Amino acid sequence: MAMGAIRRRAAVGLAVLTASGLLAVAVPAQAHAAAHCEGRKIRTYGFSTGQVKVYRNGTSLCAVTVPKRVGSPRTMMVSLQARGFEAVVDEGVYTKRAGPVESYVGGRKVWIKGRVGSGSYSTGGWIQL
0 MAMGAIRRRA AVGLAVLTAS GLLAVAVPAQ AHAAAHCEGR KIRTYGFSTG QVKVYRNGTS
60 LCAVTVPKRV GSPRTMMVSL QARGFEAVVD EGVYTKRAGP VESYVGGRKV WIKGRVGSGS
120 YSTGGWIQL
């Protein structure tokens, strides 16, 4: 095999490895960025096993529930309901977070709930944020 052909094959192999390495690094970063709420954090409600974090982005609110200790799979839930609308809920078995859930609220009052395992939080009624 000629020396030029060997160099071309080596260059192509290196290009493929570099591209696959870049994709492996870029994809988790995009998934991580999309997993959180946009806007500014306006409230954090703590409870025995985690926190509910609430963000405002214009006339919308977004909420996530995060455990105190990340790692082991457990039941988590986050619920955000604007008065007059259906609740937006994410519930399942997760290791890092439940949510995000987002809802248009305008000037409406909201009811927020979160749960990690046996611990939970609820605003206990309609609140203005």
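Residue numbering for the sequence shown is 0 to 128, as defined by numbering that gives the first Met the number 0. We put the CB at the ideal spot given by N, CA and C, even for glycine. Since the model is a prediction, treat every value here as computed from it, not as a measurement.
Short CB-CB distance (under 8 Å) between residue i and chain B
| i | result |
| --- | --- |
| residue 69 | Checking the listed chains, one finds no chain B in this structure; it contains a single protein chain. |
Where the beta strand (DSSP E) through residue i begins and ends
| i | result |
| --- | --- |
| residue 43 | 39-46 |
| residue 50 | 49-56 |
| residue 124 | Taken as a continuous stretch (DSSP letters only), residue 124 belongs to no beta strand (DSSP E), as it is neither H nor E. |
Environment of residue i [buried if 16+ CB atoms lie within 10 Å]
| i | result |
| --- | --- |
| residue 64 | buried |
| residue 111 | buried |
| residue 52 | buried |
| residue 93 | buried |
| residue 57 | exposed |
| residue 69 | exposed |
| residue 127 | exposed |
| residue 117 | exposed |
| residue 96 | buried |
| residue 66 | buried |
| residue 48 | buried |
| residue 39 | exposed |
Report the residue ranges of all beta strand (DSSP E) runs contained in full by the stretch 60-116; include only those spanning at least 3 residues, in chain order. Listed in chain order, they are 73-81, 87-93, 97-103 and 109-115.
Whether or not the stretch 70-85 and the stretch 32-47 are in contact is what I'm after, with contact meaning three or more pairs of Cβ atoms, one per stretch, closer than 8 Å; do they touch? By the Cβ test, the stretch 32-47 is not in contact with the stretch 70-85, since fewer than three Cβ pairs between them sit closer than 8 Å.
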